[in-house]
Amino acid sequence: MPSYLITGVSRGLGTCSHCKQFAFLEHISSDASNTVIGLVRNIADTNAKVAPLNRNNIHIIEGDMKDYESLKKTVESVSAITSGTLDYIIANAGLVPTWSQFDPFSVLGEDPKRLTTELNELFSINVVGNIHLFNLFVPLVLKGNGKKIITITSGLADLDLAVKYQLYENAPYSISKAAMNMAVAKFQAEYEKDGVLFLGISPGSVNVGQFDNLTQEEAQKLMVQGAKFQAYAPHFQGPITTEQSVKAVLSVAENASLEMDDGGAFISHLGNKQWL
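Numbering (our numbering) for the sequence shown: -18 to 257.
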């Protein structure tokens, strides 16, 4: 009975009020033989969203990626559900800011206090939080059978892509994801000998309603970014659905192995370096 710990199941590729529901949680729990544990900050709201699925193999526990002691307490809860083991972790939780999504650093720097706050918060959640999560749960993973820890990253963390296509957008977010990609590599370097596979997978450009309420100015900036995406990937027709993304990410994760030298890699939902 494979066990999965999924962070960030309350929004984005987890669940949200404006996108098709439940993504990773719904897809993985559709197999009754899987034990699926969602780690969230707001347990009451998430339980209400999950309830209509009526699946006994879903367990929602409360934990905050910004609070080490909160995360530490979740280990005991997860261990009680899985009898002290864990097969897979999908680190889906992450902060995706809107303030810095379109403007370059020179513009963001006009509000240095806000820029500093956003950079610190992104690093705290997207990097430090995941590092603590992995440190806390690796002992359970070592006792499991799957031994795969998947981090949801972003193609925006690709240095060559940013330079070649002048993608100055989403700079603070991109930096946090690039830092986490290195953390994934460092964890792989430590646990390769134990047979654990760490892997960073970009989910692609996914429609989770993030562009539903843009101002006219923001919409124009989105078009500028979209033109860069078109130059990079002429076939690009816009964001894919959460269902398409989740199925692709899980397929890449399932096929990845240490034997294929996938450990510590930073790849896309297509299983390569093609981000769109």
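Idealized CB from N, CA, C, for every residue including glycine.
Computed from a predicted structure; not experimentally measured.
Straight-line measurement puts the Cα of valine 230 at about 20 Å from the Cα of phenylalanine 168. The residues Tyr(-15), Asn15 and Val17, in chain order, have a CB closer than 6 Å to that of isoleucine 9 in the same chain once the five nearest residues on each side in sequence are set aside. Beta-bridge partners assigned by DSSP to glycine 207: none are found. Here the stretch 21 to 36 makes no contact with the stretch 106 to 113; the two share fewer than three CB pairs at distances below 8 Å. For glutamate 199 against phenylalanine 86, the beta-carbon gap comes to about 18 Å, at or over 8 Å, which does not count as contact. In the three-state scheme derived from DSSP, where H, G and I count as helix and E and B as strand, histidine 40 is classed as strand. Take the alpha-carbon of proline 153 and the one of glutamine 206: they are about 16 Å apart. By the neighbour-count criterion, in which a residue is buried when 16 or more other Cβ atoms sit within 10 angstroms of its Cβ, asparagine 151 is buried. Membership of isoleucine 62 in the alpha helix (DSSP H) is indicated by the continuous run 49 to 63. In its chain, beyond the 5 residues on either side, Leu178 have a beta carbon closer than 8 Å to the beta carbon of serine 238. The DSSP-derived three-state label of glycine 75 is coil. Here the C-alpha atom of glycine 185 lies approximately 10 Å from the C-alpha atom of valine 227. Going by beta carbons, valine 122 and isoleucine 182 fall outside the 9 Å limit. The residue among Ala72, Glu91 and Ser60 with its C-alpha nearest the C-alpha of tryptophan 80 is Glu91. No Cβ-Cβ contact shorter than 9 Å links glycine -11 with asparagine 101. As the crow flies, the alpha-carbon of phenylalanine 3 is around 13 Å from that of asparagine 35. Beta-bridge partners assigned by DSSP to serine 183: Ser249. Looking at the backbone, the Cα of glutamine 197 and that of glutamine 191 are separated by about 15 Å. Setting aside the 5 residues that flank it on each side, glutamine 147 is surrounded in the same chain by Lys209, each with a C-beta closer than 8 Å to its C-beta; the list follows chain order.
A residue is called buried once 16 or more other Cβ atoms fall within 10 Å of its Cβ, and methionine 46 is buried on that count.
Secondary structure at glycine 125: coil, using DSSP grouped into helix, strand and coil.
Within the same chain, Cβ atoms closer than 7 Å to the Cβ of alanine 214 are found at Leu257, the five residues on either side in sequence being excluded. If you look at leucine 96, you'll find it in the alpha helix (DSSP H) that goes 93 to 103. Glycine 176 is not a Cβ neighbour of lysine 124, given a cutoff of 9 Å. Between the alpha carbons of alanine 170 and glycine 244 lies a distance of about 9 Å. Glycine 19 sits in a strand when the DSSP states are folded into three classes.
By the neighbour-count criterion, in which a residue is buried when 16 or more other Cβ atoms sit within 10 angstroms of its Cβ, threonine 132 is buried.
Distance between glycine 127 and glutamate 173, taken at the CA atoms: about 14 Å.
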